[in-house]
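To start, the structure under review is shown below, and the notes come after it.
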Amino acid sequence: MLPVWVRHAPLLLLHPSKRIRLLAVALPAITLPLLAEEALYILGAWLTIAHDPDKHVASVASTSSVRVLKQARGTCFGFYVVHFLTQRDYGLQY
């Protein structure tokens with residue numbers, strides 16, 4: 001079951017305020033491994049924020065996404081991420 005705040009994650013990750021985006025980046029890094037079945041609902045916005053115009057936000061987002069991807073090998077979440085990225089031709093070599 002998804003926490004209530006997860007439905008707001010795409011809006012938070014794409015918010016114009018750097019402070020809100022930076023705080024929102026930390027949430028998926030903590031909770032996505034716990035929510036493997038529902039990861040696809042916020043995965044796109046979370047990976048999009050890794051290309052944020054602000055270098056600090058982009059750095060935190062890409063670091064946390066890479067860390068979660070490495071931890072997720074062999075799990076349902078890892079399968080979803082790899083499938084999602086390879087189907088959309090993001091160039092992920094896994």
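Residue numbers (the UniProt record's numbering): 1 to 94.
Think of the CB as a built atom: it goes at the ideal place given N, C-alpha and C, for glycine as much as any other residue.
- L14 carries a coil assignment under DSSP once its states are collapsed to helix, strand and coil.
- In this structure, the straight-line span from the alpha carbon of D54 to that of G44 is close to 18 angstroms.
- The closest CA to that of H56, considering only R21, L27, L47 and V66, is found on R21.
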